[in-house]
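> Which chain is which? The protein sequence lines are A and B, in order.
Reading the first sequence from the start, the letters are residues 20 to 423 in the numbering used here.
Reading the second sequence from the start, the letters are residues 20 to 423 in the numbering used here.
Backbone N, C-alpha and C fix where the C-beta goes; we use that ideal spot for every residue, glycine too.
The model shown is predicted, which means the values in this text are computed figures rather than measured ones.
Protein chains: 2
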Amino acid sequence: MKNIKGGICAPQGFKANGIVAHIRGNKDVKDLSLIVSDVPCSAAATYTTNKVKGAPLTVTKQHLEDGQAKAIICNSGNANTCNSNGIELANQVCDLVADALSIDANDVIVASTGVIGQPMSLEPFASHMDELVAGLNVNGSMDAELGIMTTDTKPKEFAVEFELDGKVCHLGAIAKGSGMIHPNMATMLAFVTSDVAISSAMLDEMVHEVVPDTFNMVSVDGDTSTNDMLVVLANGLAGNAVITTKDDNYALMKEALFDICVQLSQGIAKDGEGATKLLTCHTVGASTKEIAKKVAKSVITSSLFKAAMFGKDANWGRILCAIGYTDAEFDINRVEVDLSSRVGKFKVCVNGMGVEFSEDFALEVLTEDEILIDVDLHSGDYEATAWGCDLTYDYVKINGDYRT
Amino acid sequence: MKNIKGGICAPQGFKANGIVAHIRGNKDVKDLSLIVSDVPCSAAATYTTNKVKGAPLTVTKQHLEDGQAKAIICNSGNANTCNSNGIELANQVCDLVADALSIDANDVIVASTGVIGQPMSLEPFASHMDELVAGLNVNGSMDAELGIMTTDTKPKEFAVEFELDGKVCHLGAIAKGSGMIHPNMATMLAFVTSDVAISSAMLDEMVHEVVPDTFNMVSVDGDTSTNDMLVVLANGLAGNAVITTKDDNYALMKEALFDICVQLSQGIAKDGEGATKLLTCHTVGASTKEIAKKVAKSVITSSLFKAAMFGKDANWGRILCAIGYTDAEFDINRVEVDLSSRVGKFKVCVNGMGVEFSEDFALEVLTEDEILIDVDLHSGDYEATAWGCDLTYDYVKINGDYRT
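Shown next, in the form of structure tokens:
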């Protein structure tokens, strides 16, 4: 498996585009994206666990009941959530796409991201649909990515290449996500394309096996959004024998999907609103997988620890504090914690007690922009990884005045 | 019942003091406090639920096994937590107090607050104990309060007067708490004194009845601290018949304790690190008390909503989002939300959908420093209140560089 360029257009048979439709007002930023497969795709998705769900999620769920889709339409600037006519609007958007592409509206996946509870107009979708469709092209992945970003500062576009049955296969992905990021599910839009041939039932299983250890292990601010959605489309053009059971090819594709989802998760965490650092907590030695996950998430979710990382302050007591309030049973007196970055590693805690370390070296380590927190519970064989970011002035600035 | 002055020295028979012992380094700030009753007290306490517990909590729990105490010693500047010799140190501090007051070390309650995992020296306690004891006086409540504060910007000192059996009774309290504030228990040190005569068993029951709806409903930053402790001492000098059952007098004293704990909770939330606003979420119409509490806490814990309040931004979608990710079952489509302050009230959401409001008036309402969020779930008769604060640049500043 290797990383390649091209994003969602790296797999065969996918085109994409992203344009300025002025859904975000008069700003000259892309805010409407379309992804289309030349042929029908097996499709699978996961959605936010928030009780408040964006109208597009309801419509997309209906459209995916048959496990098939051909296109994804997504706007930024308005979440189309808590609007009384939201579902009607989401259906009308699908109809516009279906008409323009001459496909069934049931094969269109719709997603929205932006402010919740703002009236949304169909007009920008209607007046820009021809332009959006006309511009579809095999190099359009980055345009599509730009169209779904909100407070994101960096595009998140990845692709990998691997082989099944001697056939070259691809997975490509774009994602948006910067604030309102917290499991479950953590909390973004991600669109993954593939040219692998796989049944929609197997694709659905695969998605639900991969998400718990990837997207659901990301937190930026503890707020689970209303519009999260991960969609995977697989159009089969790679020509492998269709995956219909959990065989070796299933395992290989799952490995590739896992890899893509880890890259997206890291990208989202690193681009958390206002973030200057990617924080990765790797917990080992837990007596269950669940405990390992809870501890890792607890550490990267702690506001105090996140603020300390922004300040390059090796205030490891806050790590231990966050481990300590995890809702899980383990012996706190066995806990060992190391902090590291590419310049080196230092130990801060053994058997739940502090150990001496060089403050100068600690500052050097924590000045880097990717910090690893290794936690060993010394209580078993399970491990987990969670991704987060530091808490900064800019998080407050961005969110103190988001609507204006 | 009425509010009075005097704090922990308002009840008869209590003296207090707070001095500069240089536990916080060379800073010229009070960091060591002592509260003493002239006579033995019934005593009860609750503690943090964090698995990492400060050494003083272990020692205090042992000393309160008999339900009796006479003195409370508390330092700021060092949490005495995760130190290998922490319990030994906490015991030595109690011994110093016991010697200086000629009382049993078992009657001394010990508490610490400050940085976790820093070595602590007995020296400042030993060298300042005579000064601390010599200065004990009936006007010492505020000095004691100053000695336990860390990043607090405002002292939290309250007292109430009420009658039992025609006898004038008092409850007084001081508290510290500003960051690392989150249920359970939320997350501070609070010392309450009283001259009511009550058995330690009844006092213990009362504390555990009052805390779930007061301190456990406060959140500043979602981080449950390692050193939380609420201690109530009641010395009986008011001369009422000793409360030994849950009779009318129990109910009256509980009402007074509830009132004091609400005032302390509001004081802690309002003085949350970096806070400019007190946020109070009052949830009604829930089908269970537990759901009402979870919803209220979810709203005042949301980083996104807290940041929006700092920005005076009526971004109510974030309130609905936080209600929506509450881990509880209810119908989101019945939810109604109002925002208000002393200048007025406006409705933002009915039946889970947005309603129009004047942005100008919203700005006027949200410019105030105490904001009320009324949530009606329209699903039952239970209600709950939670207290929090806005998320500001200063929270990040304070916590980005706390140790230096």
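1. Can you give the beta carbon distance from Leu208/A to Thr132/A, rounded, assuming they're within the 8 Å contact cut?
2. Whose C-alpha, out of Ile122/B, Ala341/B, His227/B, is nearest the C-alpha of Cys60/B?
3. What residues from the region 70 to 93 of chain A come within 9 Å of chain B, judged by C-beta to C-beta, listed N to C?
4. Considering only the beta carbon of each residue, do Ser321/A and Thr263/A sit closer than 8 Å?
5. Based on the DSSP output, what are the partners of Leu339/B in its beta bridges?
6. For Leu339/B and chain A, any beta-carbon pair shorter than 8 Å?
7. Between the Cα of Asp357/A and the Cα atoms of Glu180/A, Phe349/A, Val374/A, which residue gives the shortest distance?
8. Using 8 Å as the limit for Cβ to Cβ distance, is Ala327/B near chain A?
9. If you measure between the beta carbons of Ile42/B and Ile91/B, is that distance less than 8 Å?
10. Quick one: is Pro30/B buried, meaning 16 or more other Cβ sit within 10 Å of its Cβ, or exposed?
11. Counting C-beta neighbours from all protein chains within 10 Å, is the total for Asp171/A 16 or more, i.e. buried, or is it exposed?
12. Closest to Ser377/B by CA distance: which of Ala333/B, Ala405/B, Ile390/B is it?
13. Can you grab the Cα-Cα spacing for the pair Asn203/B / Ile338/B, in whole Å?
14. Just to confirm the assignment: which complete alpha helix (DSSP H) runs, minimum length 4, are found wholly within the region 59 to 113 of chain B?
15. Give the straight-line distance between the Cα atoms of His189/B and Ala257/B, rounded to the nearest whole angstrom.
16. Please look up how many angstroms separate the CB atoms of Gly26/B and Glu180/B, rounded, as I've assumed it's under 8 Å.
17. Determine the contact status of Ser160/A and Met236/A, defining contact as a CB-CB distance below 8 Å.
18. Using a beta-carbon distance cut-off of less than 8 Å, what residues from the region 95 to 125 of chain B approach chain A?
19. Does the CB of Trp406/A have a neighbour CB from chain B at under 8 Å?
20. Report the three-state DSSP secondary structure of Leu283/B (helix, strand or coil).
21. Measuring CB atoms only, is the region 140 to 152 of chain B touching the region 389 to 402 of chain A, in the sense that at least three cross pairs come out at less than 8 Å?
22. Quick check: Lys308/A and Tyr401/A, are their CB atoms within less than 8 Å of each other?
23. Would Lys364/B be called buried (16 or more neighbouring beta carbons within 10 Å of its own) or exposed?
24. Quick one: which chain A residues come within Cβ less than 8 Å of Val446/B?
25. Of all the CB atoms in chain B, is at least one closer than 8 Å to the CB of Met372/A?
26. Are the C-beta atoms of Val356/B and some chain A residue less than 8 Å apart?
27. Do Lys49/A and the ligand MN come close, with the Cβ less than 7 Å from some heavy atom?
28. Helix or strand or just coil, what does DSSP make of Glu176/B?
29. Say whether the region 344 to 354 of chain B touches the region 291 to 302 of chain B, bearing in mind that this needs 3 or more beta-carbon pairs closer than 8 Å, one atom from each stretch.
30. Take the Cβ of Val71/A as the centre, count every other Cβ of all protein chains shown within 10 Å, and call the residue buried at 16 or more, exposed below.
31. Counting contacts by CB-CB distance shorter than 8 Å, is Ile27/B in contact with chain A?
32. Locate the alpha helix (DSSP H) running through Lys424/B, then write down its first and last residues.
33. Let me see if you follow: with CB-CB separation under 8 Å, is Gly258/A close to chain B or not?
34. Output the residue ranges of the alpha helix (DSSP H) runs that lie fully inside the region 376 to 423 of chain B and measure 4 residues or longer, sorted by chain position.
35. Going by DSSP, what residue range makes up the beta strand (DSSP E) through Phe210/A?
36. Whose C-alpha, out of Asp267/B, Gln282/B, Lys325/B, is nearest the C-alpha of Ala294/B?
A quick look at the data gives this:
1. 6 Å
2. Ile122/B
3. Lys70, Val71, Lys72
4. no
5. The partner list for Leu339/B (beta bridge, DSSP) is empty, contrary to what the question assumes.
6. yes
7. Val374/A
8. yes
9. no
10. buried
11. buried
12. Ala333/B
13. Per-residue confidence for Asn203/B stands at a pLDDT of 43, beneath the threshold of 50, marking its modelled position as unreliable; no derived number is given.
14. 74 to 82
15. 8 Å
16. Contact flag wrong, Cβ pair sits at about 13 Å.
17. no
18. Ala98, Thr100, Cys101, Asn102, Ser103
19. no
20. helix
21. no
22. yes
23. exposed
24. The requested residue 446/B is not part of the displayed model; chain B covers only 20 to 423.
25. yes
26. no
27. The ligand MN is not part of the structure shown, which contains no ligands of any sort.
28. strand
29. no
30. buried
31. no
32. In the structure as shown, chain B starts at 20 and stops at 423, and residue 424/B therefore has no counterpart that could be examined.
33. no
34. 378 to 385, 412 to 419
35. 208 to 213
36. Lys325/B
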